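Quick note, the sequence shown lines up with residues -22 to -1, 1 to 706 if you use mature numbering (1 follows the signal peptide of the UniProt record, and there is no 0).
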Amino acid sequence: MKPLPLSLIFTCLSLTPLWAQQAPDAAATEVETLPEVIVSAEAEPKNRYTEPVSNSASRLPENVMEVPRSVQTVTQQVIQDRAIVDPQEAVQNVSGVQRGGSFTGTGETYRLRGFAQQTYIKDGFRAGSVPGGISFTAVSPTDVANLQQIEVLKGPASILFGRGEPGGAVNYITRTAGFEDSYSIQQMVGSFDFYRTQVNANWAAVPDKFALRFDGAFETGDSYIDLVESERTFIAPAFAWKISEDTLLNFRAEYSHDERSTIPGMPYQNGSVIGGIPYDRYFGEPGYTRNVTDTYRALLTLEHRWNEHHKTTLSLHGLTSTSEGGYFILFNFAGPLQDPVTGNIARSASTTDFAEHYLTARLDHLITWDLAPDVKNELLISAEFDYQNNDNIRYLSGHTSLNPSNPVYTGYQPSPLVPVPGFPTTFSEATDTDAKAYSLLLMDKVSFGESVFLNFGARLEWFDASNSSVYVDPGVPFGSSYAELDQGSVNPFVGLVFKPIQQLALYGSYSESTFSFKNIALRTSGGESLDPERARQFELGAKTELLDGRFIASAAFFQINKTDIAAADPGNPLFSINAGEERSRGFELDLAGELAPGWRLLMNYAYLESRIIDAPGGANVGNRRPGVPENSGSIFTTYEIQTGKLKGFGFGGGVYMSDRVAVDTINSGNLAGYAQTDALVFYRRNNWQVQLNVKNLFDNEIFYSTDNSTMVQAGHARTFIASVKFEF
């Protein structure tokens, strides 16, 4: 990793005069209780499906009723009740979000409002990416052991997180050390030899002064797919040091070692999944199609309140990760995917060695003052430096095939860094990408009493990146390329919330985003770099908070237009132009909370029209964008008996439904719509609980997504998971 210009970090205090008026008593009370805002969430109420405060909407803990955009939270209780170990399952409880496809079946990918998310966000920082639009990453899959909650911010989020796709952001919020002791251990066992042990411990070593935390998990299991297995070790230490009444230091770290089989998926040809193939058939090679990933991550935050008007937060975030292994793509460059005579399925092998490195330094300064009686202003000034490096060594070999009716696996185990034995190397490549971003964020919130809230601001970002590649191809003994990209962008946001009554909020907002990263190596025929892809969104919505905040409902209408999309130059396909436009528009509804003591409900629905609006030569204009259902939704509910001999006994279940989706931009075929039904029973008593979950209760064959038109990813077969948990 190259040295970083940390001198970029400067103090924002010199930029702002101390002109604030004397705050009223209410503001003074807020200052005095500051430590309670940043203590661990262990002290928060349990057993709830709602979270009234969001950290993702404005980089400040903010009541969701005052946020002029759609933001939903998947709470710890939802993760517990649904026995979620893969965060991608959690998004089924959020409208307009679907899990994406993957060449390997190992990465976390999402589609938000129709657009594939290509950046992973954790605690508000970049923690992995899918560079260049490919469908795999060097970062280990996210473990839920240290997750406090999962926040989903809808629509362009560049003002908060910088360059990115316009659908939104999935932000994983991890647990911090808190000043209350709590300990728990959980054991899970399930179908296909699944075992998981999870430990969570928080120790207030020096009461109200210093706290330690440890979250960890060990997980191993097979799969309904033949010959597929996985193993993961995850540890996450943390500490909190309350240096003074006005100063708090928080540290969080993670290490994950993940080994798992890569899954090519199921073969798709002529508009449908090839029939007659067992649902559990594996199209990889045992021992070869396996991925090993090691990820290290750390976050240090130092927060200091200077007085009742000024607060500064310094954050340093770093991540490094390596991944190596092999995978297959079900594809045939020279003919049909399935041989019409033998029935064999063509496979293309690839051996990879990935590395990703991130470092972010951020300085936030918050100024709070009264503009007039009952008019409060909160101004956030933020400066940020972000560095990202991606290295990739890849060998792409020739074709081999597998007969789905009578598979014969060779069982070889080559070194990850040499060509595959028995697979003549047809292409090899080494790439290195460096990216630096310098950003300044200004975000202002003006509160007019308790009924009107105006949010506006902008992020100024300068993006500097380079990409170098060296490759070998038959007939071209050696080749190389080098590209640089220097671009600036301004991404504004403005939103207004009006609350005619305290339980109802009406809002409207406008936001923009840019995405430069995946266009680094693309050039026009004149040798110029492409402009960044841009997007804008209009959103109107309503939110209501009922039953003393225990139940929250929200609805939103939106339209996103993405322009300047990179496309092949019709006059010279070896080069690119900014020409395309895509549009997603629709309606979303989310309900979450406790309707009565012990009765909790999650429900969502999304209608989404996502189409290609413009393209060079009019190609595919009007077609549906791939992987995006027009209708989708879910309902999940649980009930826990509150009194009598059966107190603590509960049960529940739900169903997730998705409409059909197109497999490619030419709309050559569709993946059928599907429904997945889950159920659970549990018993909670004092400090322990037992639980049994059944996922895909009716054992439906589900094909949910694809990244190309020749292979699709399948959902899990019926799965049982039993767990027991003790809290101390």
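In this text, a Cβ means the ideal position worked out from N, Cα and C, and glycines have one as well.
Nothing here was measured: the structure is a model prediction, and the numbers come from that model.
To the nearest angstrom, report how far apart residue i and residue j are at their CA atoms.
i	j	result
residue 579	residue 573	7 Å
residue 163	residue 178	6 Å
residue 226	residue 249	58 Å
residue 169	residue 198	12 Å
residue 241	residue 67	18 Å
residue 391	residue 208	Note on residue 391: pLDDT 49, under 50, position unreliable in the model; no value is reported.
residue 708	residue 424	Absent from the structure is residue 708, since the part of the chain shown begins at -22 and ends at 706.
residue 323	residue 33	47 Å
residue 37	residue 138	7 Å
residue 438	residue 364	13 Å
residue 328	residue 120	24 Å
residue 160	residue 182	9 Å
residue 511	residue 269	32 Å
residue 335	residue 293	17 Å
residue 47	residue 490	13 Å
residue 394	residue 331	At residue 394 the pLDDT is 44, less than 50, meaning the model places this residue with poor confidence and gives no usable figure here.
residue 448	residue 370	11 Å
residue 73	residue 35	17 Å
residue 774	residue 502	Outside the modelled stretch of the chain, which goes from -22 to 706, sits residue 774, for which no answer is possible.
residue 519	residue 41	16 Å
residue 89	residue 600	20 Å
residue 212	residue 318	46 Å
residue 260	residue 386	11 Å
residue 696	residue 289	51 Å
residue 461	residue 616	54 Å
residue 467	residue 172	47 Å
residue 702	residue 668	4 Å
residue 412	residue 421	29 Å
residue 555	residue 141	20 Å
Is residue i near the ligand HEM - that is, is its Cβ less than 8 Å away from at least one heavy atom of it?
i	result
residue 220	Of ligands this structure carries none, so the ligand HEM is not represented either.
Name, in chain order, the residues that DSSP records as bridge partners for residue i.
i	result
residue 288	345
residue 582	568 and 612
residue 120	Its beta-bridge partners do not exist; DSSP assigns none.
residue 164	176 and 703
residue 129	51 and 149
residue 200	207
residue 141	Its beta-bridge partners do not exist; DSSP assigns none.
residue 315	Bridge partners of residue 315: none, in fact.
residue 648	640
residue 99	104 and 149
residue 633	613 and 655
Among residues of its own chain, excluding the 5 on either side of residue i, which ones have a beta-carbon nearer than 6 Å to its beta-carbon?
i	result
residue 483	43, 475, 477 and 521
residue 442	414 and 464
residue 525	none
residue 662	626
residue 570	27, 28, 530 and 580
residue 692	244 and 681
residue 361	341 and 418
residue 175	165 and 196
residue 459	447
residue 112	Summary for residue 112: the model assigns pLDDT 47, below 50, so the residue's position carries little reliability; its value from the coordinates is reported in the next sentence. Answer for residue 112: no residue qualifies.
residue 98	105 and 106
residue 278	229 and 294
residue 186	157
By a C-beta neighbour count over all protein chains shown, 10 Å radius and 16 as the cutoff for buried, is residue i buried or exposed?
i	result
residue -1	Legend: pLDDT at residue -1 = 36, less than 50; position of this residue unreliable, no value from coordinates given.
residue 2	Below a pLDDT of 50, predicted positions are generally treated as unreliable, and residue 2, at 39, falls in that range; the measurement from the model is reported next regardless. It counts as exposed.
residue 690	buried
residue 338	buried
residue 206	buried
residue 291	buried
residue 607	buried
residue 396	At residue 396, the pLDDT of 49 sits below 50, so the modelled position is not reliable and the matter cannot be decided from this model.
residue 624	exposed
residue 479	exposed
Take residue i and list the residues in its own chain whose beta-carbon comes closer than 8 Å to its own, dropping the five residues that flank it on each side.
i	result
residue 595	548
So, at 7 Å on beta carbons, what are the nonlocal neighbours of residue i in its own chain, with the 5 sequence-adjacent residues on each side left out?
i	result
residue 190	155, 181, 183 and 217
residue 481	522, 523 and 524
residue 687	246, 641, 642 and 646
Should the segment 212 to 230 be called in touch with the segment 249 to 256, which here means at least 3 C-beta pairs below 8 Å?
-> Fewer than three Cβ pairs drawn from the segment 212 to 230 and the segment 249 to 256 lie within less than 8 Å of each other, which leaves the two stretches out of contact.
Given 8 Å as the limit, is there contact between the segment 523 to 540 and the segment 555 to 567, that is, 3 or more CB pairs closer than that?
-> Counting C-beta pairs with one atom in each stretch, the segment 523 to 540 and the segment 555 to 567 have three or more that are closer than 8 Å, which means they touch.
Determine, using beta-carbon pairs with one atom in the segment 650 to 659 and one in the segment 672 to 687, whether at least three such pairs fall under 8 Å.
-> Short answer: they touch.
contact_flag[the segment 542 to 559, the segment 50 to 66] where n(CB pairs < 8 Å) is 3 or more = Here the segment 542 to 559 makes no contact with the segment 50 to 66; the two share fewer than three CB pairs at distances below 8 Å.
Any 3 or more C-beta pairs closer than 8 Å across the segment 120 to 129 and the segment 187 to 197 | Contact check between the segment 120 to 129 and the segment 187 to 197: three or more CB pairs, one atom from each, fall below 8 Å, which counts as touching.
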